[in-house]
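Engineer: The following block contains the structure, expressed as C-alpha coordinates.
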Amino acid sequence: MSKPLKAEPQRIVVLTRAGLGDAVYVIPALRALRRRFPAAHITVITGDRGYPLLERCPYLDQLALRHLGHGVRGKLQEILRLRRGRFDLAVILDTSDEKALHTFLAGIPYRAGGVKKRFARLLTHPFVLSPDAHQINDLCKGVVATLGCEVSDWRFELFPAPEARQTALEKLHATGWRGQRPLIGVNPGASAPNKQWFPDRFAQLVDALRKSGMEVVLLGAPSDMEQVNAILSAVHHPPRTLAGQLNLDELIHCLSELDLLVSGDTGPSHLAGAVGTPVVALFGPSRAAHYAPLGSPHIVIDRSHLCAPTCSFWTCRGDNRACMRAITVAEVLDAVNQLLELASKFSKP
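The sequence shown: position 137 = 137 (my numbering), numbered continuously.
And the structure:
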(Lines of atoms letter the chains of each structure in order from A; the text may use other names.)
(Lines give C-alpha, C1' and ligand atoms only; values in the text may rest on other atoms or scores of the structure.)
Protein backbone atom coordinates (compact mmCIF):
# COMPACT_ATOMS: atom_id res chain seq x y z
CA MET A 1 0.00 0.00 0.00
CA SER A 2 1.30 3.46 -0.89
CA LYS A 3 2.56 5.76 1.83
CA PRO A 4 0.68 9.11 1.79
CA LEU A 5 2.76 12.15 0.87
CA LYS A 6 2.94 14.39 3.95
CA ALA A 7 3.78 17.43 1.83
CA GLU A 8 4.06 18.35 -1.82
CA PRO A 9 7.53 17.34 -3.03
CA GLN A 10 9.83 20.20 -3.96
CA ARG A 11 12.56 18.22 -5.70
CA ILE A 12 11.70 15.17 -7.80
CA VAL A 13 14.15 12.84 -9.52
CA VAL A 14 12.89 10.58 -12.31
CA LEU A 15 15.00 7.53 -13.17
CA THR A 16 14.27 5.92 -16.53
CA ARG A 17 15.33 3.02 -18.66
CA ALA A 18 18.08 3.67 -21.18
CA GLY A 19 16.50 3.08 -24.58
CA LEU A 20 15.29 5.47 -27.25
CA GLY A 21 11.93 3.72 -27.44
CA ASP A 22 11.64 3.82 -23.64
CA ALA A 23 11.89 7.61 -23.70
CA VAL A 24 8.77 7.85 -25.90
CA TYR A 25 6.69 6.52 -22.99
CA VAL A 26 8.50 8.58 -20.36
CA ILE A 27 7.19 11.85 -21.85
CA PRO A 28 3.49 11.35 -20.97
CA ALA A 29 4.60 10.30 -17.47
CA LEU A 30 6.56 13.55 -17.12
CA ARG A 31 3.54 15.52 -18.32
CA ALA A 32 1.38 13.83 -15.69
CA LEU A 33 3.96 14.54 -12.97
CA ARG A 34 4.22 18.20 -13.97
CA ARG A 35 0.46 18.62 -13.78
CA ARG A 36 0.31 16.88 -10.40
CA PHE A 37 3.30 18.80 -8.95
CA PRO A 38 3.43 22.10 -10.89
CA ALA A 39 5.85 23.84 -8.51
CA ALA A 40 8.34 21.00 -8.13
CA HIS A 41 11.82 20.96 -9.65
CA ILE A 42 11.97 17.81 -11.80
CA THR A 43 15.30 16.20 -12.68
CA VAL A 44 15.41 13.28 -15.12
CA ILE A 45 18.34 10.87 -15.12
CA THR A 46 18.40 8.69 -18.22
CA GLY A 47 20.66 6.74 -20.58
CA ASP A 48 22.57 8.06 -23.57
CA ARG A 49 20.11 6.68 -26.14
CA GLY A 50 17.04 8.27 -24.58
CA TYR A 51 18.76 11.53 -23.60
CA PRO A 52 18.43 13.34 -26.99
CA LEU A 53 14.69 12.66 -27.16
CA LEU A 54 14.13 14.38 -23.80
CA GLU A 55 16.36 17.42 -24.34
CA ARG A 56 13.51 19.72 -25.40
CA CYS A 57 10.80 18.16 -23.24
CA PRO A 58 9.04 21.08 -21.48
CA TYR A 59 7.95 19.06 -18.46
CA LEU A 60 11.35 18.79 -16.77
CA ASP A 61 13.80 21.28 -15.30
CA GLN A 62 17.05 19.35 -15.57
CA LEU A 63 18.25 16.41 -17.65
CA ALA A 64 21.25 14.30 -16.71
CA LEU A 65 22.99 11.19 -18.01
CA ARG A 66 23.24 8.18 -15.77
CA HIS A 67 26.92 7.34 -15.38
CA LEU A 68 27.10 4.10 -13.43
CA GLY A 69 30.71 3.11 -12.95
CA HIS A 70 31.94 -0.43 -12.46
CA GLY A 71 31.73 -2.32 -9.21
CA VAL A 72 30.94 -1.09 -5.73
CA ARG A 73 32.71 2.22 -6.32
CA GLY A 74 30.41 3.11 -9.22
CA LYS A 75 27.31 2.23 -7.23
CA LEU A 76 28.45 4.35 -4.28
CA GLN A 77 29.06 7.29 -6.60
CA GLU A 78 25.51 6.96 -7.93
CA ILE A 79 24.08 6.89 -4.41
CA LEU A 80 26.11 9.96 -3.41
CA ARG A 81 24.97 11.79 -6.53
CA LEU A 82 21.35 11.13 -5.60
CA ARG A 83 21.95 12.18 -1.99
CA ARG A 84 23.54 15.46 -3.08
CA GLY A 85 20.45 16.21 -5.16
CA ARG A 86 18.39 16.62 -1.97
CA PHE A 87 15.40 14.97 -3.62
CA ASP A 88 12.26 14.30 -1.63
CA LEU A 89 10.60 12.05 -4.23
CA ALA A 90 12.13 9.46 -6.58
CA VAL A 91 10.03 8.21 -9.49
CA ILE A 92 11.55 5.03 -10.92
CA LEU A 93 10.06 4.34 -14.37
CA ASP A 94 11.54 0.87 -14.33
CA THR A 95 11.34 -2.45 -12.50
CA SER A 96 14.85 -2.14 -11.12
CA ASP A 97 15.96 -3.52 -7.78
CA GLU A 98 19.17 -1.54 -8.15
CA LYS A 99 17.41 1.80 -8.63
CA ALA A 100 15.08 1.06 -5.71
CA LEU A 101 18.06 0.26 -3.47
CA HIS A 102 20.06 3.30 -4.57
CA THR A 103 17.22 5.76 -3.95
CA PHE A 104 16.59 4.20 -0.53
CA LEU A 105 20.26 4.40 0.47
CA ALA A 106 20.36 7.99 -0.81
CA GLY A 107 17.79 8.87 1.82
CA ILE A 108 15.04 9.96 -0.57
CA PRO A 109 11.91 9.78 1.62
CA TYR A 110 9.36 8.82 -1.05
CA ARG A 111 10.11 6.27 -3.76
CA ALA A 112 7.64 5.20 -6.46
CA GLY A 113 8.51 2.45 -8.89
CA GLY A 114 7.73 -0.87 -10.50
CA VAL A 115 8.01 -3.92 -8.28
CA LYS A 116 10.58 -6.53 -9.28
CA LYS A 117 11.94 -8.98 -6.72
CA ARG A 118 14.21 -8.34 -3.80
CA PHE A 119 13.73 -4.70 -2.88
CA ALA A 120 10.01 -4.09 -3.45
CA ARG A 121 9.62 -3.21 0.24
CA LEU A 122 11.98 -0.28 -0.23
CA LEU A 123 9.36 1.46 -2.40
CA THR A 124 6.86 3.68 -0.61
CA HIS A 125 4.66 3.73 -3.72
CA PRO A 126 5.03 0.32 -5.39
CA PHE A 127 3.34 -0.62 -8.65
CA VAL A 128 2.89 -4.24 -9.69
CA LEU A 129 2.96 -4.63 -13.46
CA SER A 130 0.75 -7.33 -14.95
CA PRO A 131 2.76 -10.03 -16.79
CA ASP A 132 0.71 -9.39 -19.95
CA ALA A 133 0.93 -5.58 -19.81
CA HIS A 134 3.02 -3.36 -22.07
CA GLN A 135 6.31 -3.42 -20.20
CA ILE A 136 7.17 0.25 -20.79
CA ASN A 137 3.99 2.23 -21.40
CA ASP A 138 1.85 0.55 -18.74
CA LEU A 139 4.72 0.66 -16.26
CA CYS A 140 5.17 4.43 -16.68
CA LYS A 141 1.45 5.01 -16.39
CA GLY A 142 1.05 2.78 -13.36
CA VAL A 143 3.99 4.24 -11.43
CA VAL A 144 2.85 7.87 -11.71
CA ALA A 145 -0.73 6.84 -10.92
CA THR A 146 0.43 5.66 -7.47
CA LEU A 147 1.28 9.31 -6.77
CA GLY A 148 -2.19 10.56 -7.64
CA CYS A 149 -1.30 11.70 -11.16
CA GLU A 150 -4.10 11.94 -13.69
CA VAL A 151 -3.41 9.48 -16.50
CA SER A 152 -6.55 9.80 -18.63
CA ASP A 153 -4.74 12.22 -20.99
CA TRP A 154 -2.08 9.69 -21.93
CA ARG A 155 -1.07 10.85 -25.40
CA PHE A 156 2.37 10.77 -26.98
CA GLU A 157 4.39 13.86 -27.80
CA LEU A 158 7.81 14.39 -29.32
CA PHE A 159 9.72 17.67 -29.44
CA PRO A 160 12.12 17.66 -32.41
CA ALA A 161 13.78 20.94 -33.36
CA PRO A 162 11.34 22.69 -35.76
CA GLU A 163 14.15 23.75 -38.10
CA ALA A 164 15.09 20.08 -38.58
CA ARG A 165 11.91 19.54 -40.61
CA GLN A 166 13.30 21.60 -43.48
CA THR A 167 16.63 19.77 -43.50
CA ALA A 168 14.83 16.41 -43.35
CA LEU A 169 12.70 17.33 -46.36
CA GLU A 170 15.76 18.61 -48.23
CA LYS A 171 17.53 15.30 -47.65
CA LEU A 172 14.45 13.38 -48.72
CA HIS A 173 14.14 15.47 -51.88
CA ALA A 174 17.84 14.93 -52.59
CA THR A 175 17.06 11.22 -53.06
CA GLY A 176 14.80 12.20 -55.97
CA TRP A 177 11.51 11.98 -54.10
CA ARG A 178 9.02 14.64 -55.21
CA GLY A 179 5.98 13.82 -53.15
CA GLN A 180 4.97 10.51 -54.77
CA ARG A 181 2.71 8.36 -52.60
CA PRO A 182 2.54 6.06 -50.82
CA LEU A 183 5.95 6.55 -49.24
CA ILE A 184 7.03 3.49 -47.27
CA GLY A 185 9.92 3.59 -44.82
CA VAL A 186 11.93 0.42 -44.21
CA ASN A 187 14.03 0.32 -41.05
CA PRO A 188 16.06 -2.92 -41.07
CA GLY A 189 18.18 -2.38 -37.96
CA ALA A 190 17.50 -3.45 -34.39
CA SER A 191 19.17 -2.98 -31.04
CA ALA A 192 20.02 -6.69 -30.84
CA PRO A 193 20.99 -9.02 -33.72
CA ASN A 194 18.36 -11.60 -32.81
CA LYS A 195 15.63 -9.00 -33.41
CA GLN A 196 16.74 -8.37 -37.00
CA TRP A 197 14.90 -9.76 -40.00
CA PHE A 198 17.15 -10.92 -42.83
CA PRO A 199 18.64 -8.64 -45.53
CA ASP A 200 17.58 -10.95 -48.37
CA ARG A 201 13.98 -10.82 -47.18
CA PHE A 202 14.05 -7.07 -46.79
CA ALA A 203 15.41 -6.90 -50.35
CA GLN A 204 12.56 -9.08 -51.64
CA LEU A 205 10.07 -6.89 -49.77
CA VAL A 206 11.55 -3.70 -51.23
CA ASP A 207 11.37 -5.17 -54.75
CA ALA A 208 7.74 -6.20 -54.25
CA LEU A 209 6.79 -2.76 -52.92
CA ARG A 210 8.58 -1.01 -55.77
CA LYS A 211 6.99 -3.29 -58.41
CA SER A 212 3.55 -2.42 -57.00
CA GLY A 213 4.25 1.29 -57.52
CA MET A 214 5.15 2.31 -53.99
CA GLU A 215 7.98 4.66 -53.06
CA VAL A 216 10.44 3.11 -50.60
CA VAL A 217 13.09 4.81 -48.49
CA LEU A 218 15.60 2.90 -46.36
CA LEU A 219 16.25 4.30 -42.90
CA GLY A 220 18.80 3.39 -40.27
CA ALA A 221 21.55 4.58 -37.98
CA PRO A 222 25.23 4.49 -38.99
CA SER A 223 25.46 1.24 -37.03
CA ASP A 224 22.88 -0.31 -39.38
CA MET A 225 24.87 0.27 -42.57
CA GLU A 226 26.09 -3.31 -42.94
CA GLN A 227 22.48 -4.47 -43.01
CA VAL A 228 21.46 -1.60 -45.32
CA ASN A 229 24.29 -2.27 -47.77
CA ALA A 230 23.40 -5.96 -47.89
CA ILE A 231 19.85 -5.00 -48.86
CA LEU A 232 21.01 -2.53 -51.51
CA SER A 233 23.30 -5.13 -53.07
CA ALA A 234 20.45 -7.65 -53.33
CA VAL A 235 17.58 -5.52 -54.69
CA HIS A 236 16.58 -5.36 -58.36
CA HIS A 237 14.52 -2.17 -57.95
CA PRO A 238 16.69 0.17 -55.85
CA PRO A 239 14.90 2.19 -53.16
CA ARG A 240 15.77 5.66 -52.01
CA THR A 241 17.96 5.70 -48.92
CA LEU A 242 18.54 8.03 -46.01
CA ALA A 243 20.25 5.40 -43.87
CA GLY A 244 23.07 6.91 -41.84
CA GLN A 245 22.18 10.44 -42.99
CA LEU A 246 19.66 11.69 -40.43
CA ASN A 247 20.09 12.95 -36.90
CA LEU A 248 17.33 12.17 -34.39
CA ASP A 249 15.33 15.35 -35.01
CA GLU A 250 15.47 14.83 -38.77
CA LEU A 251 14.48 11.19 -38.36
CA ILE A 252 11.36 12.16 -36.39
CA HIS A 253 10.31 14.65 -39.06
CA CYS A 254 11.02 12.08 -41.78
CA LEU A 255 8.93 9.46 -39.99
CA SER A 256 6.03 11.90 -39.81
CA GLU A 257 6.24 12.29 -43.61
CA LEU A 258 5.89 8.55 -44.26
CA ASP A 259 2.65 6.79 -45.06
CA LEU A 260 3.89 3.66 -43.27
CA LEU A 261 6.99 2.20 -41.64
CA VAL A 262 8.16 -1.43 -41.72
CA SER A 263 10.45 -2.08 -38.76
CA GLY A 264 11.59 -4.59 -36.22
CA ASP A 265 11.35 -4.10 -32.47
CA THR A 266 13.51 -0.99 -32.20
CA GLY A 267 13.38 2.70 -31.28
CA PRO A 268 12.25 4.17 -34.63
CA SER A 269 9.09 2.04 -34.58
CA HIS A 270 8.08 3.72 -31.31
CA LEU A 271 8.94 7.15 -32.69
CA ALA A 272 6.75 6.44 -35.72
CA GLY A 273 3.87 5.40 -33.49
CA ALA A 274 4.24 8.58 -31.46
CA VAL A 275 3.96 10.82 -34.54
CA GLY A 276 0.98 8.87 -35.88
CA THR A 277 2.67 6.96 -38.70
CA PRO A 278 1.29 3.42 -39.14
CA VAL A 279 3.79 0.64 -38.40
CA VAL A 280 4.15 -2.94 -39.57
CA ALA A 281 6.28 -4.35 -36.75
CA LEU A 282 8.25 -7.60 -36.97
CA PHE A 283 8.70 -9.40 -33.65
CA GLY A 284 10.77 -12.49 -32.95
CA PRO A 285 12.44 -12.93 -29.55
CA SER A 286 10.47 -10.10 -27.92
CA ARG A 287 6.73 -10.35 -27.27
CA ALA A 288 4.57 -7.82 -29.08
CA ALA A 289 2.21 -7.58 -26.09
CA HIS A 290 5.15 -6.29 -24.07
CA TYR A 291 6.93 -4.01 -26.53
CA ALA A 292 4.77 -3.19 -29.58
CA PRO A 293 4.70 0.43 -30.76
CA LEU A 294 1.67 2.39 -29.63
CA GLY A 295 0.00 5.62 -30.69
CA SER A 296 -0.85 4.79 -34.31
CA PRO A 297 -2.57 2.02 -36.27
CA HIS A 298 -0.22 -0.91 -36.51
CA ILE A 299 -0.02 -4.55 -37.50
CA VAL A 300 2.36 -6.73 -35.55
CA ILE A 301 3.71 -9.98 -36.95
CA ASP A 302 4.71 -11.77 -33.75
CA ARG A 303 6.61 -15.06 -33.79
CA SER A 304 7.87 -14.93 -30.21
CA HIS A 305 6.04 -18.19 -29.42
CA LEU A 306 8.60 -20.01 -31.59
CA CYS A 307 11.53 -18.94 -29.44
CA ALA A 308 13.18 -21.42 -27.13
CA PRO A 309 12.36 -20.61 -23.48
CA THR A 310 16.01 -19.78 -22.84
CA CYS A 311 16.39 -17.40 -25.80
CA SER A 312 17.00 -13.71 -25.25
CA PHE A 313 17.33 -10.60 -27.39
CA TRP A 314 21.07 -11.26 -27.61
CA THR A 315 21.39 -15.05 -27.54
CA CYS A 316 19.52 -17.54 -29.74
CA ARG A 317 19.48 -21.02 -28.25
CA GLY A 318 16.85 -22.32 -30.62
CA ASP A 319 16.91 -23.21 -34.32
CA ASN A 320 19.03 -20.42 -35.88
CA ARG A 321 16.60 -17.55 -35.23
CA ALA A 322 13.58 -19.65 -36.14
CA CYS A 323 11.26 -16.93 -34.85
CA MET A 324 12.49 -14.37 -37.39
CA ARG A 325 12.78 -16.96 -40.17
CA ALA A 326 9.09 -17.74 -39.70
CA ILE A 327 8.17 -14.21 -40.88
CA THR A 328 7.64 -14.39 -44.64
CA VAL A 329 7.90 -11.67 -47.26
CA ALA A 330 4.37 -12.44 -48.42
CA GLU A 331 2.80 -11.81 -45.02
CA VAL A 332 4.74 -8.58 -44.51
CA LEU A 333 3.63 -7.37 -47.93
CA ASP A 334 0.05 -8.33 -47.11
CA ALA A 335 0.28 -6.44 -43.80
CA VAL A 336 1.56 -3.34 -45.61
CA ASN A 337 -1.40 -3.41 -48.00
CA GLN A 338 -3.91 -4.02 -45.20
CA LEU A 339 -2.52 -1.23 -43.07
CA LEU A 340 -2.39 1.27 -45.93
CA GLU A 341 -6.05 0.58 -46.61
CA LEU A 342 -6.91 0.92 -42.92
CA ALA A 343 -4.82 4.07 -42.46
CA SER A 344 -6.51 5.73 -45.43
CA LYS A 345 -9.67 5.90 -43.31
CA PHE A 346 -7.91 7.89 -40.60
CA SER A 347 -5.84 11.05 -40.57
CA LYS A 348 -2.72 11.67 -38.52
CA PRO A 349 -3.12 13.83 -35.40
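All residues carry an ideal CB built from backbone N, CA and C; glycine is no exception.
Only a predicted model underlies this, so the values are computations on that prediction, with no experimental measurement involved.
1) With DSSP as the reference, label T43 as helix, strand or coil.
2) Pair every Cβ in the segment 47–60 with every Cβ in the segment 175–187, then say whether three or more of these pairs are closer than 8 Å.
3) Taking contact to mean at least 3 C-beta pairs separated by less than 8 Å, is the segment 150–169 in contact with the segment 232–240?
4) Could you compute how far the alpha carbon of P109 sits from the alpha carbon of Y291?
5) Output yes or no for whether 9 Å exceeds the beta carbon distance between L380 and D48.
6) Any idea if L33 is buried or exposed, counting beta-carbon neighbours within 10 angstroms, 16 or more meaning buried?
7) Quick one: residues in its chain with C-beta nearer than 6 Å to the C-beta of I359, no 5 flanking neighbours on either side, listed in chain order?
8) Between C140 and the rest of its own chain, which residues show a CB-CB distance below 8 Å, the 5 nearest in sequence each way excluded?
9) Check whether the segment 181–200 touches the segment 150–158, counting contact only when three or more Cβ pairs, one atom from each stretch, lie closer than 8 Å.
10) State whether the segment 61–75 contacts the segment 38–48, with contact taken as three or more CB pairs (one from each stretch) at a distance under 8 Å.
11) Could you tell me whether the segment 79–95 touches the segment 9–17, where touching means 3 or more Cβ pairs closer than 8 Å?
12) Give the DSSP bridge partners of V14, in chain order.
13) So I301 packs on L271, CB below 8 Å; how close in whole Å?
14) Rounded to the nearest angstrom, how far is the Cβ of K116 from that of S96, given a contact under 8 Å?
15) Taking all protein chains shown into account, decide if Q227 is buried (16 or more other Cβ within 10 angstroms of its Cβ) or exposed.
16) If A243 sits next to L209, beta carbons under 8 Å apart, how far is it from one beta carbon to the other, in whole angstroms?
17) Take M214 as the anchor and find which of F127, G220, L205 has the nearest alpha-carbon.
18) Under DSSP, the alpha helix (DSSP H) around E215 begins and ends at which residues?
19) For the alpha helix (DSSP H) holding L169, just list the boundary residues, first then last.
Structural biologist: In short, the structure shows the following:
1) strand
2) no
3) no
4) 32 Å
5) It is not possible to answer for residue 380, since the shown part of the chain is limited to 1 through 349.
6) buried
7) This structure gives no information on residue 359, because the portion of the chain shown stretches from 1 to 349.
8) Y25, V26, P28, A29, L93
9) no
10) yes
11) yes
12) V44, V91
13) Actually they are not in contact, since the Cβ atoms of I301 and L271 sit about 19 Å apart, beyond 8 Å.
14) 7 Å
15) buried
16) About 16 Å separates the two Cβ atoms, so there is no contact after all.
17) L205
18) Careful: E215 lies outside any alpha helix (DSSP H), inside the beta strand (DSSP E) at 215–218.
19) 164–174
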